[in-house]
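Asker:
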Amino acid sequence: MLVTGETTGEGDLVRRSVANECGLCGQRSPLISEGPGVCSNCIRDHRRDALRIAGSRHAVSRKPFDLPQRPPDTPDGVPCPLCARGCVLGPGEGGFCGLREGDGRRLHQLAGTPAGGLLEWYRDSLPTNCVADWVCSGSKRRGKHNLAVFYASCTLNCLFCQNWHFRQVAPLRRSLLSSEALAGAANDRTYCVCFFGGDPASQLPHALDAARRLAERGTVVCWETAGTSHPRLLDRALELSLTTGGCVKFDLKAHDEGLHIALTGASNRRTLENFARAAIRARERRQPPLVIASTLLVPGYVEAQEVGRVARFIAEIDPSTPYALLGFAPHFLMDDLPVTSLVQAQAAEAAARDEGLSNVRVGNRHLLAAH
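Using this note's numbering, you'd call the opening residue of the sequence shown number 169 and step up by one each time.
1. What does DSSP give as the partner residue(s) for LYS417 in the beta ladder?
2. Who are the near neighbours of CYS329 in its chain, counting only those whose CB is closer than 7 Å to its CB and skipping five residues on each side?
3. With H, G and I counted as helix, E and B as strand and the rest as coil, what does DSSP make of GLY262?
4. Quick one, are the C-beta atoms of SER305 and GLY386 less than 8 Å apart?
5. Kindly indicate the opening and closing residues of the beta strand (DSSP E) around VAL511.
6. Just to confirm the assignment: which complete alpha helix (DSSP H) runs, minimum length 4, are found wholly within the region 330-388?
7. Given that a residue counts as buried once 16 or more other Cβ atoms are within 10 Å of its Cβ, and exposed if not, what is SER201?
8. Taking the alpha carbon of GLY258 as the reference point, which residue from GLU269, ALA369, GLY352 has its own alpha carbon closest?
9. Quick one: what's got a C-beta closer than 6 Å to GLY395's C-beta in the same chain, skipping five residues either side?
10. Going by DSSP, name the residue or residues bridged to CYS251.
11. At what residues does the beta strand (DSSP E) containing HIS313 begin and finish?
12. Within the chosen definition, does the region 362-374 reach the region 212-232 through at least 3 CB pairs nearer than 8 Å?
13. Counting only the same chain and skipping the five closest in sequence on each side, list residues whose C-beta sits under 7 Å from that of HIS398.
14. Among the candidates SER197, ASP217, ASN188, ARG196, whose CA atom is the shortest distance from the CA of ALA430?
15. Counting pairs of Cβ atoms below 8 Å between the region 269-285 and the region 297-315, do you hit three or more?
16. In the DSSP assignment, the beta strand (DSSP E) including ALA270 goes from what residue to what residue?
17. Any beta-carbon of chain D closer than 8 Å to the one on LEU250?
18. Flag this pair as yes or no: are the beta carbons of PRO490 and ALA300 separated by less than 8 Å?
19. Does the distance from the CB of HIS539 to the CB of VAL511 come in under 8 Å?
20. For GLU392 and VAL416, what's the separation of their Cα atoms in angstroms?
21. In three-state DSSP terms, what is VAL528?
22. Just to confirm before moving on: does the CB-CB distance between TYR319 and GLY245 stay below 8 Å?
23. How should GLU472 be labelled, buried or exposed, when 16 other C-beta atoms within 10 angstroms of its C-beta is the threshold for buried?
24. Is the region 199-215 in contact with the region 232-241, if contact means three or more CB pairs nearer than 8 Å?
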């Protein structure tokens with residue numbers, strides 16, 4: 169690893185420029201990460217070989233946390249229906265998210281049912297740094313707060329995960345919180361709740377029950393998700409947001425399936441299908457918007473070209489869909505990349521607008537490097 173430059177500022181992130189080598193073409197660049205081990209060009213042009221290399225990095229990244237290297241697919245095992253990973257668990261096998269086990273006849277839920285969720289929660293004063301803060305109703309509720317619910321599990325394995333520490337939380341060594349107790353944490357200053365993580369898709373039975381209880385007391389219900397849940401569960405989440413005035417924020421990490429697999433370890437087919445399903449329902453309520461999309465601008469991997477593909481997909485469904493472009497900060501196994509630059513963000517914003525989206529915003533501007 170060759171460090172080619174480094175600058176720091178008080179209270180600021182270290183903005184590194186590290187030249188790594190692509191495991192396929194041999195190119196060296198500060199915009200190639202040792203996380204996936206290959207450059208974005210090779211991911212697109214030599215998909216099979218590139219994904220083999222990236223797949224091995226994903227497998228290694230999960231070992232320290234005693235998580236399955238890939239979704240189990242045991243013949244005659246018990247299928248888990250919750251998300252797109254399609255785990256089929258044999259006796260003693262754990263699901264990809266780490267919260268389910270098979271015994272040969274049925275699934276054992278270690279967490280994520282109404283009886284107990286693996287999570288943390290806190291009260292976040294409004295307005296807060298919500299992905300949808302420029303269009304959501306909560307941004308206008310000063311003096312109120314958001315009940316922020318962080319689920320310590322996920323259906324993906326993003327190599328750039330900023331909340332990767334949730335992998336250190338073991339369900340058998342951590343007390344769980346029932347959906348009833350979580351809903352009871354709301355008070356007369358609670359305006360909205362947002363379920364995120366990790367990802368609520370891995371514990372949706374718990375989240376949906378808590379959301380129902382909160383909705384009954386007048387709380388606005390919001391979600392932040394990569395969209396991997398079963399469509400019927402997504403429909404229930406959408407209905408709760410639709411009827412309470414909340415929103416569903418979809419993290420569209422990439423449009424190219426190979427790039428999505430390289431960065432997250434999973435296909436994005438279910439995500440795109442679920443987003444389209446939700447965006448159609450969003451026509452039932454225009455204000456505040458029901459569905460918001462976001463994309464993290466990962467230098468060297470998710471830049472203007474890929475943002476243009478995502479934006480085209482969104483615009484073909486509804487060009488008025490709010491779209492947030494988020495600045496990247498180095499985390500987890502892609503901590504060798506620089507932060508997103510202002511130039512990269514502006515190019516991505518222009519690409520999104522060129523594809524027909526009318527409501528595009530660059531968020532996390534405080535993270536952007538000047539060059």
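For each residue, glycine too, the CB sits at the ideal point set by N, CA and C.
Keep in mind that this is a model prediction, so the values were computed, not measured.
Answerer: Taking the geometry as given:
1. GLU392, ILE460
2. HIS499, PHE500
3. strand
4. no
5. Looking at the DSSP string, VAL511 is not in any beta strand (DSSP E); the run it does join, the alpha helix (DSSP H), is 510-522.
6. 347-351, 372-384
7. buried
8. GLU269
9. PHE418, THR439, ASN442, PHE443
10. SER397
11. 313-319
12. no
13. PRO249, LEU250, CYS251
14. ASP217
15. no
16. First, the residue type needs correcting, since residue 270 is Gly and not Ala in the sequence shown. Residues 268-270.
17. In the structure shown, chain D does not exist; there is a single protein chain.
18. yes
19. yes
20. 6 Å
21. strand
22. no
23. Residue identity check: residue 472 is Ala in the sequence provided, not Glu. Flag for ALA472 reads buried.
24. no
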